[in-house]
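Residue numbers (my numbering): 11 to 128.
Structure first, commentary second.
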């Protein structure tokens with residue numbers, strides 16, 4: 011069993027920066043990816059970015075030049091730095107851990123709200 015706890019988030023003006031972090035408890039397996047998704051009410055949850063244990067990064071279909079994901083295997087953490095934020099980045103950001111070879115192994119944090127004011 012893995013638990014994910016997010017921190018950070020909040021309110022920021024357009025053009026600003028914000029960092030969200032997530033710490034995992036439990037056993038992290040070799041193939042586990044850790045990363046971030048986001049969701050706007052009424053829309054499907056979408057990938058922001060995720061990182062493998064050996065540092066391979068996959069980004070979602072937007073803002074790869076504005077979002078920086080990092081992972082610390084020793085601390086079991088994954089963080090997301092967001093820069094030049096736009097109002098359309100407003101969403102709940104969820105920490106995720108998953109094993110791409112084992113669909114049942116997927117865990118989510120409770121989410122943290124990021125609001126970007128115009």
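Just so it is clear, CB atoms sit at the ideal spot from N, CA and C, and this is done for glycine as well.
Note that the structure is a prediction, hence the values are computed from the model and not measured.
Check	Outcome
Continuous beta strand (DSSP E) stretch holding residue 59: start and end	56-61
Beta-carbon spacing of residue 58, residue 28 below 8 angstroms	no
Inter-stretch contact at 8 angstroms, needing at least 3 Cβ pairs: the stretch 94-102 / the stretch 36-53	yes
Any 3 or more C-beta pairs closer than 8 angstroms across the stretch 73-87 and the stretch 15-25	no
Euclidean distance between Cα positions of residue 44 and residue 123	19 angstroms
Which of helix, strand or coil DSSP assigns to residue 51	coil
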